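Numbering-wise, this note's numbering comes out as the position in the sequence shown, counting from 1, plus 1.
One structure is given here, and the rest of the page talks about it.
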Amino acid sequence: MAGHSSWEEQRYLYPHDIRDKFPVWEREFNIEPFKYERSRLPFRMTNEERLWRKQWLQDQVLAADEPKYVPNLHKLHKNPVRYRWMVFWDGVFNRLRPVVGNTAASMLRQTVPKLLILQLGIWSLVYAVFYHKQDWEKWGGWQVYGYKGKHLANVSPWKTLDSTDYVDRGFKERTANRWTEHKY
2 MAGHSSWEEQ
12 RYLYPHDIRD
22 KFPVWEREFN
32 IEPFKYERSR
42 LPFRMTNEER
52 LWRKQWLQDQ
62 VLAADEPKYV
72 PNLHKLHKNP
82 VRYRWMVFWD
92 GVFNRLRPVV
102 GNTAASMLRQ
112 TVPKLLILQL
122 GIWSLVYAVF
132 YHKQDWEKWG
142 GWQVYGYKGK
152 HLANVSPWKT
162 LDSTDYVDRG
172 FKERTANRWT
182 EHKY
């Protein structure tokens, strides 16, 4: 197409945007021909380009029956697990809608499932911390230190510790292999 200027000229003709610094896959993909008014000046556009832009603008006008309703389109855009999760909660809150009202049901529909997932995550974390503690027999686990609280008053403050008392992780309380060959 004729009428295009060099990149040095375009650098000054077109407005700059911060999005121009984004990576290519995150920039806007605008297909509008001659988006900026300055590029549509009479001496820059040919008649063919004017017809092209006119056709593009006419194509942007929606018909009377648009946007089209496509049944079950919402199923296509979600994976099967997410779709079943959505159908379950929609069914629950659609039954509540006459009781609590539209606004409250919509708000509850958005918050209750998320809060339940959050609660399940917290319970899973608490379970992992309590029942998968780090000990001397395995590599992973959670290292948990308890609160000594009122028992601290009964402990002698100048208790002497061996070098084997640090980071013991339950090794001295083991029941297997307690004979002298297995001491460290």
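Built from N, CA and C at the ideal position, the CB exists for glycine as well.
In this text the structure is predicted, and so the values were computed from the model without any measurement.
Asked, Found
"Straight-line gap, F89 to Q61 (C-alpha atoms, nearest Å)", "38 Å"
"7 Å Cβ shell around Y53 - same chain, five flanking residues per side excluded", "Going by the sequence as given, residue 53 is Trp instead of Tyr. Once the five neighbours on either side are set aside, the close Cβ partners of W53 are P34."
"Limits of the alpha helix (DSSP H) - the one that G22 falls within", "One point to set straight first is that residue 22 is Lys, not Gly, in the sequence displayed. Note, K22: premise wrong, no alpha helix (DSSP H); not H, not E."
"Residue of I32, H75, E27 minimising C-alpha distance to W57", "I32"
"Pair within 7 Å by beta-carbon distance, R96 and A106", "no"
"Contact check, R83 vs F94, beta carbons under 7 Å", "no"
"Within 7 Å, strictly: CB atoms of R170 and W137", "yes"
"Integer-rounded CB distance, given that V145 should sit under 8 Å from V130", "6 Å"
"8 Å contact criterion, which H133 and W143 should meet: CB distance rounded", "6 Å"
"Local conformation of W143 per DSSP, three classes", "strand"
"Straight-line gap, R175 to D163 (C-alpha atoms, nearest Å)", "18 Å"
"Chain E within 7 Å of E174, Cβ atoms only", "Judged by its chain identifiers, the structure shown contains no chain E, having just a single protein chain."
"Three-way DSSP call (helix, strand, coil) for K55 in this model", "helix"
"N-terminal and C-terminal residue of the alpha helix (DSSP H) that A105 is part of", "103 to 132"
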